[in-house]
Amino acid sequence: MAKHMAEDKISKKETFMQSVITLIFSQLLIKVLGLVYNLYLTNREGFGDKGNGIVAASYQIYALLLTISSIGVPNAISKLVSERVALR
Numbered sequence: 064m065a066k067h068m069a070e071d072k073i074s075k076k077e078t079f080m081q082s083v084i085t086l087i088f089s090q091l092l093i094k095v096l097g098l099v100y101n102l103y104l105t106n107r108e109g110f111g112d113k114g115n116g117i118v119a120a121s122y123q124i125y126a127l128l129l130t131i132s133s134i135g136v137p138n139a140i141s142k143l144v145s146e147r148v149a150l151r
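Residue 64 is where the sequence shown starts when you use my numbering, and the numbers rise one by one after that.
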């Protein structure tokens with residue numbers, strides 16, 4: 064019984080670490096793709112200052128909405144994890 068529980072904990076840790084690594088790589092990929100896209104837009108012929116201004120303004124709105132929508136997620140995750148730990 065104890066061996067099974069130890070194996071279960073190890074597999075949960077491995078699954079968690081795999082999830083963390085996947086998230087890290089996906090965030091890096093998103094940042095690189097965003098950089099490439101911004102470089103393409105700023106150097107595109109005919110896009111000009113007006114186009115760059117529109118992109119910058121829309122990005123600021125996007126960043127604000129993203130911040131508002133994800134502000135409570137870390138707190139919710141920590142609460143759920145602490146409840147699970149307390150129950151077991």
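C-beta: ideal position from N, C-alpha, C; glycine also.
Rounded to whole angstroms, the separation of the alpha carbons of glycine 111 and tyrosine 103 is 12 Å. Inclusion of asparagine 101 and valine 118 in the CB contact set at 9 Å is warranted, their separation being smaller than that value. Listed in chain order, the non-local C-beta contacts of serine 133 below 8 Å within the same chain number zero, local neighbours out to five positions each way being set aside.
Phenylalanine 88 sits in a helix when the DSSP states are folded into three classes. CA-to-CA, the gap between glutamine 90 and serine 121 works out to about 21 Å.
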